[in-house]
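Numbering (my numbering), first residue to last: -4 to 97.
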């Protein structure tokens, strides 16, 4: 949710950017969906995150990507849909670019 709102409201990415009200309303509608599941840290989060940080040679802003990958792995997410190639640092997490056919 945080990344979605940050990206769609970012003026350097979209011209014009999505209004905060519209972005928040979109997330709100997803929150009302019975199929949405929010992922949070579990007791195994730190060990998964540490492994990803070290083995992925992660630093700086990519720490957030490692956090997302760790959350996905600890919750059994089979595939992360992302256009961000930085997730290739985490080979245990399968990714798919939803913007590319195939």
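Here a beta-carbon is modelled for each residue, glycine too, at the ideal position from N, C-alpha and C.
Mark residue 32 as exposed unless 16 or more other C-beta atoms lie within 10 angstroms of its C-beta, in which case mark it buried. The residue given as residue 32 occupies position 37 in the chain shown. Exposed, because fewer than 16 other Cβ atoms sit within 10 Å of the Cβ of residue 32.
Residues that DSSP places opposite residue 76 in a beta bridge: Residue mapping note: residue 76 aligns to position 81 of the chain shown, counting from 1. DSSP, once it has assigned bridges, lists 91 as partnering residue 76.
Going by DSSP, what residue range makes up the alpha helix (DSSP H) through residue 53? Looking up residue 53 in the chain shown gives position 58. No alpha helix (DSSP H) holds residue 53; DSSP gives it neither H nor E.
Within this structure, are the beta carbons of residue 30 and residue 15 separated by less than 8 Å? Taking the chain shown and counting its residues from 1, one reaches residue 30 at position 35. Taking the chain shown and counting its residues from 1, one reaches residue 15 at position 20. Cβ distance not < 8 Å, so residue 30 and residue 15 don't count as in contact.
Please state the DSSP three-state secondary structure of residue 82. Indexing the chain shown from 1 puts residue 82 at position 87. Of the three classes helix, strand and coil, the one that applies to residue 82 here is helix, per DSSP.
Just to confirm, are residue 66 and residue 87 a CB contact at a threshold of 8 Å? On the chain shown, residue 66 is found 71 positions in, with the first residue counted as 1. On the chain shown, residue 87 is found 92 positions in, with the first residue counted as 1. No; because the gap between Cβ atoms is not below 8 Å, this pair is not in contact.
Mark residue 51 as exposed unless 16 or more other C-beta atoms lie within 10 angstroms of its C-beta, in which case mark it buried. Locating residue 51 in the chain shown gives position 56, counting from the first residue. Buried.
If you run the structure through DSSP and keep just helix, strand and coil, what is residue 98? In the structure as shown, the chain begins at -4 and stops at 97. Residue 98 is therefore absent and cannot be evaluated.
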